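Take a look at the structure below.
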Amino acid sequence: MRKDELRSLLEAKGIGSKGITNRIYWCSKIEEDYNINLDNICRSEGKVKRLVEDIESNSVYKKSEKRNLIISLTKYVDLFKGN
Numbered sequence: 001m002r003k004d005e006l007r008s009l010l011e012a013k014g015i016g017s018k019g020i021t022n023r024i025y026w027c028s029k030i031e032e033d034y035n036i037n038l039d040n041i042c043r044s045e046g047k048v049k050r051l052v053e054d055i056e057s058n059s060v061y062k063k064s065e066k067r068n069l070i071i072s073l074t075k076y077v078d079l080f081k082g083n
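Our numbering applies: residue 1 is where the sequence shown begins, and numbers increase by one.
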């Protein structure tokens, strides 16, 4: 994930600065915690589904963190697909 590209895409969608900062934070956290590149994961619906299942079953995250991670991942995938 390139943060500058993500920021530009989100700005073009009319997302505010706080929303942009939050999405970049949570997407970066997913990449760091799982040692993955979201751009590669987004190409496969099966990989995205498995990642969501991994996040849901991860006992390290609090419930609110899981929610934020999954929401950010879902929105990133939608953005990646051009929705």
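Backbone N, C-alpha and C define an ideal beta-carbon position, used for all residues, glycine too.
Here the structure is a predicted model, which means the values were calculated and not measured.
Item	Value
Every unbroken alpha helix (DSSP H) inside the region 41–65 [4 residues or more]	45–57
Meets three-Cβ-pair contact criterion under 8 Å: the region 57–75 and the region 16–26	yes
Limits of the alpha helix (DSSP H) - the one that lysine 13 falls within	Run containing lysine 13: none; DSSP gives neither H nor E here.
As assigned by DSSP and simplified to three states, the class of asparagine 35	coil
Cβ neighbour criterion (16 or more within 10 Å) applied to isoleucine 55	buried
Exposed unless 16 or more other CB atoms sit within 10 angstroms - verdict on isoleucine 71	exposed
Reduced DSSP category for glycine 19 - H, G, I as helix; E, B as strand; rest coil	helix
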